[in-house]
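Input: a single structure, listed below in structure tokens.
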Amino acid sequence: MDEYFGIYEKFDILRLMLKDKTRVLMAYKNAIFNMKEKFQGKVVMDVGAGSGILSIFCAEVGAKKVYAIEASMLAKTLEQVLIENNLQSTIEVIHCEVADIHPDSLEKIDIIVSEWMGFYLVHEGKLDSVLFARDKFLRKGGLIFPSIAKLYASLCQLSSMYEFRNACVPLPVYLNTRCIGKEYRKIKSMEPEVLLLNRDSLLSSEELKIRDIRTVENSEIFEKLLVFLDLNIISKSVNLLGEEYVLTCKSGKYQGICIWFVIEFPDGSKLSTAPYNEPTHWKQTVVVLPTVIECIVFIFFSRAHFMEDKMSESDMTFDEKRPANLFTNVKLSTNLSADIANSDSDSMSIYINEPELSDDISEWKGMSMNEIRKGFGIYEYREHPPIVPSAKHTVLFRLPLSMHESPKPYPTHNIDKWSHGYVRLPCSAHCFYPIDQRSGDRSCRNRWDMIQEALLRSILSSQQLENAILSYNQIYAQRWNFTALHHFFSEVLDSEETAVFFQTLMPKMIQLALQLPMLLTGAIPLLKRHTNGSISLSQLQVASLLANAFFCTFPRRNSSNPQSEYATYPYINFNRLFAAYSEEKHNQCESVMEKIKCLFHYFRRVTTKSPEGVITIERRYIPCENCPKWNLQDQKLPSLHITSKGTIENEGAGLLQVDFANKYVGGGVLGLGCVQEEIRFVICPELMVTMLVTEELDDTEALIVSGIERYSKYEGYSNTFKWKGDFIDETPRDDSCRRMTSIVAIDALYFRQPSLQFKMDNITRELNKAYVGFVGSDIYQNNLSAIATGNWGCGAFRGNPKLKVLIQLMAAAVADRSMVYFTFGDTKLMDDVAAMYAHLVQHDVDIARLYSMISKYHQESALSDHSDFYCFLYNKSRIKSSSADIFAKDSKDTLPQRSKNVALNKDVVNKHIYEMKMTEEEKIINWLASCDDDNDDNAKRDTKDMCNEKIKNNLKETNNVNESGGLRFVEKHFVEKHFVDDTVRENKNQEDKVFYKLNKGVNSSSLKESITQRSIDDRDRSKNLKSELSLESAELNGSESIEIIKNYSVLEFHKQNPFPRKSGQRRISDDRDTSKKIKPELSLESSELNDTESIKILKDCFVPESRKQKSLPRKNGQTKISDFFQRIS
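By the working numbering, the letter at position 402 of the sequence shown is numbered 546, and the numbering carries on one by one without gaps.
Here you go:
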């Protein structure tokens, strides 16, 4: 002890500790200041005061008296510090050990504060002083800062430290140093090392708790700590403080054990020295192992999960045979090599403490998981605020929570609400059921009395169970059937397993169900449509509710009448699951048997050891008018990690996980359904409680569930789904005792005709739905996790996965989240999506522009099978945004960059411009000539379509000839504006006036006044853009001007034929007259047009009816004009 005090008299050590920002400011100060009302007017003892910083914090928040206990010579320095800061009247320094203080010499202590932790929590031996002070001085009910301590251990890789060659000066590679290294490792393993490791060095993690400091015995700590330091984590369980723990790990080689600790304060805040948290002066403690140990299997069970109630923990050993199982294929094996031979990697991987991330899988593209997580640990995100009761958040357990026992129900006295806004519970005093008397009369009995009478009888078979359930559901006796339940016990389970169920598990399930009035004392509100609200329940309360659902006790939840009270809610009673079997659908019904296995396994788990956590169910509603205006969103696409391996529930650990939901949450989980949502509901059965409280989801609503636990592992999908055994969920809990697993349920639209999903109303609906689910809490806006999702609505709902991934990316961008996308083995989809994502990012496509491109795709591909969807987006994204968007930007911002681009490409533009234009003109003239004699009645394509196709091919030709020229920049924007934008409807009236004046022979000046304002503005803007691009008027000759204006005039004046026409009548002469009148309007600055040029341009635009393209039969060597343009482009 003298050595300990001597260390802390060294001021360099003191300085190091005071510089530890994490230790002092972020932990102790925050905890003390967060609970300052607890300190005001109180007496505080600082055990091992050291520099006195904790004593000063206590004085600052209003403590009446602070006793600073310090046995080292630092006490003298501390006295001087207090005098200089005028705190000597509040803080009294006591220069001795706490054990030497007489209890009568001090006031009774209200709060003890102490920074007693050593490198591996108890290294410094200072904890005994805190325990002594607690027992001798602390008032009953007093507080201790910190109050909870946990020790964590992990297998770790120490290759650089472990190899002797790396630990000393470099040695020649041919020198064998194995014997030296062996001795070196022995020396290193004799005492712990204090190092800074990173998370990648860890192979496992396991929590080793020190129980509440207020109750732990002093002798326990050091006794059990020695056991910990000597443990062999591969062959047996770790015992510390009388509790059993198991270290699980990923396969690999490891050379040591990394140890760190976490302390918790009464306000719920924490201080962690973990490798994945901010470093502290404690660093981590590493125990070097004398030999390398290779872990090749990691199936280690915590025996407590399989104990019968009558068996004590001390009776169970790792090698002991497990008692009779509910299902024969779930057994503990002590033959590890046999386990390896009989298990695939997927079934084993669920026992990894933290799921193996996609970084370890080669089948991924896009951003790495490290980039997606932005440097945060897996569980360092905060998706939900702490649980606080409010008008919109109903909490049905007592707060604050204790970390060492199941939550207590709240309120203390039962509140029975039998009304439309609340769940009608079977135990309500208002719940009556009509029964027929032998006399023929009908009377009513309390339904809960009937339920208790029926379930407390001896039930030893599925037939007796059916009779018991129908006794309080007599109205459905002729309609319900229990074929699936009977088949399960007669064909799936053997006689021994059936006996175990009815003799052991069934009584526990009945007891759990009948405890509902004691476990749930408050009224459960319904989460109704178009409301925002949350409900927090304990896991034990949820288990009791689900046990009642199994026994079909919930009233008014069985009717299929669309006018019934709960017609817009999912079914919750299990009678539909019990009926989901028929010989005709034997293959499909096999998955029903596997779902029943999952549910029975869940009830076995929760009746063997009561769960201690809580869950929160949140319904989120955003009115449609408050949803984003998608055509105005300028966000870029978010980071994307896409993989063909892994699952949302495993590799998506710590992320917001998407449930591909039905609008009636749960979908077909109580029927024949067995796809993504149904599977998630049976491996995490606590999700099924949402079916009790959640009304049908509307278009801008989502359901978020946090804190759920996983109980089963599985394999397969749909008809191949199989229950594969127990799953130990080691996801850590947040400050509100919820497991840090969050699931968002969003329902996609069902499309009878898949082509309808490209309608913009449906696109917008899906965008809004995803956005409502993805948007995070304002409190944690800067700490939102990524989204773990996949082919949402692309199975039975017939969605297009290539479209759905873009919809989810757009919604994620606006919600400010990254995305992890699972294709579930579809490598081609992964490749296609990754390529499209990279292309859109490269071309700087924002959300509004992508929304616009999808809209144009719908307009132009009404009869398409949509296999060309991505091809369309590739082509459209290469075209810059419309000229209106370009010109709307500040020219000062864009001019320098545009001028730079033009300067780089100017020579290339001038080199190819003439050749490009002449080639294109020759092609069009030749085509027009070939159409002169076409008089077939099959000419159906109108002038606008021909012009549109010609412009599209003109654009392709431009792209091929000059990929980055300055003229292409101008031309593409005019084409995009007038070809893509639907200006026909916008300018119809104005254009009609223009063409009316043309027919009346107005002169060029009156024509100029009649042209639409948009045309004038665009022509002016073309001059400005020409100037910005440094295309001087001297360099832009008349032909180039004609080429630009041609593309503009084609669409602006001839989107529809305004000339009145009798049947068979042709207006070629009118066309030619118009060409002469409009010629002055086509001049630019110094450019002059002769008649030939004007006629050529108008010939391109005003194609008479007889010259339209015909659907002629092909002759030898003949091609359609569309094929011709396709070839030359």
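Backbone N, C-alpha and C fix where the C-beta goes; we use that ideal spot for every residue, glycine too.
Buried or exposed for residue i, going by 16 or more other Cβ atoms inside 10 Å?
| i | result |
| --- | --- |
| Asp-220 | Inspection of the sequence shows that residue 220 is occupied by Lys rather than by Asp. Label assigned to Lys-220: exposed. |
| Ala-598 | buried |
| Arg-909 | buried |
| Val-532 | exposed |
| Cys-881 | buried |
| Met-511 | buried |
| Thr-559 | In the sequence under discussion, the amino acid at residue 559 is Ile, which differs from the Thr named in the question. Exposed: under 16 other Cβ atoms inside 10 Å. |
| Leu-501 | Note that Leu-501 scores a pLDDT of 40, beneath 50, so its modelled location is shaky and nothing firm can be said. |
| Trp-260 | buried |
| Thr-556 | exposed |
| Met-662 | exposed |
| Tyr-981 | buried |
| Thr-1218 | Legend: pLDDT at Thr-1218 = 42, less than 50; position of this residue unreliable, no value from coordinates given. |
In the DSSP assignment, find the beta strand (DSSP E) that holds residue i and state where it starts and stops.
| i | result |
| --- | --- |
| Tyr-296 | 292 to 300 |
| Ser-996 | That residue, Ser-996, is in no beta strand (DSSP E); its alpha helix (DSSP H) goes 991 to 1004. |
| Trp-508 | 508 to 510 |
| Leu-681 | 677 to 682 |
| His-239 | Looking at the DSSP string, His-239 is not in any beta strand (DSSP E), and its letter there is neither H nor E. |
| Glu-845 | 845 to 851 |
| Gln-801 | 800 to 805 |
| Pro-578 | 576 to 580 |
| His-785 | 784 to 787 |
| Arg-749 | Segment 730 to 752 is the alpha helix (DSSP H) holding Arg-749; no beta strand (DSSP E) there. |
Using beta-carbon positions only, say whether residue i and residue j come within less than 7 Å of one another.
| i | j | result |
| --- | --- | --- |
| Ala-293 | Ile-401 | no |
| Pro-544 | Phe-409 | no |
| Ser-199 | Val-210 | yes |
| Phe-966 | Gly-934 | yes |
| Pro-782 | Ala-978 | no |
| Cys-588 | Pro-578 | yes |
| Val-242 | Ser-273 | yes |
| Thr-838 | Leu-649 | no |
| Arg-720 | Tyr-710 | no |
| Cys-828 | Ile-852 | yes |
| Ser-856 | Leu-684 | no |
| Gly-918 | Ile-931 | Here the sequence assigns Phe to residue 918, which means Gly is not the residue at that position. In this structure, Ile-931 lies closer than 7 Å to Phe-918 by Cβ. |
| Cys-696 | Ile-786 | no |
| Leu-604 | Phe-645 | no |
| Arg-854 | Asp-870 | no |
| Val-809 | Met-835 | yes |
| Pro-529 | Ser-921 | yes |
| Ala-175 | Asp-411 | yes |
Going by C-alpha to C-alpha distance, which of the options sits closest to residue i?
| i | options | result |
| --- | --- | --- |
| Phe-764 | Ala-846, Glu-641, Leu-950 and Met-963 | Here residue 764 turns out to be Arg, not Phe, going by the sequence shown. The shortest C-alpha separation from Arg-764 is found at Ala-846. |
| Tyr-713 | Cys-733, Asp-842, Leu-415 and His-239 | Asp-842 |
| Thr-108 | Trp-508, Gln-732 and His-730 | The chain is shown from 145 up to 1273; residue 108 falls before or after that span and cannot be answered. |
| Thr-429 | Leu-415, Ser-413, Phe-405 and Gln-925 | Phe-405 |
| Asn-705 | Cys-696, Phe-698 and Tyr-715 | Tyr-715 |
| Leu-950 | Asn-617, Cys-733, Asp-990 and Lys-186 | Asp-990 |
| Leu-569 | Asn-717, Lys-518 and Ala-914 | Asn-717 |
Give the range of the alpha helix (DSSP H) segment to which residue i is assigned.
| i | result |
| --- | --- |
| Trp-774 | Note, Trp-774: premise wrong, no alpha helix (DSSP H); not H, not E. |
| Ser-606 | 606 to 615 |
| Ile-176 | 174 to 178 |
| Gln-820 | 820 to 827 |
| Glu-910 | 904 to 918 |
| Pro-661 | 660 to 663 |
Say the cut is 6 Å; is the CB of residue i nearer than that to a heavy atom of the ligand ZN?
| i | result |
| --- | --- |
| Gly-666 | With respect to the ligand ZN, the structure shown offers nothing to examine, as it has no ligands at all. |
task: Would you check if the stretch 625 to 640 and the stretch 680 to 690 touch, i.e. whether three or more CB-CB distances between them fall below 8 Å?
output: no
message: Does the contact criterion of 3 or more C-beta pairs under 8 Å hold for the stretch 201 to 210 versus the stretch 182 to 190?
response: yes
- prompt: Between the stretch 801 to 821 and the stretch 880 to 894, do at least 3 Cβ pairs fall closer than 8 Å?
  reply: yes
query: Taking three-plus beta-carbon pairs below 8 Å as touching, is the stretch 741 to 750 in contact with the stretch 649 to 668?
result: yes
message: Would the stretch 511 to 529 count as touching the stretch 726 to 742 if we require 3 or more Cβ pairs under 8 Å?
response: no
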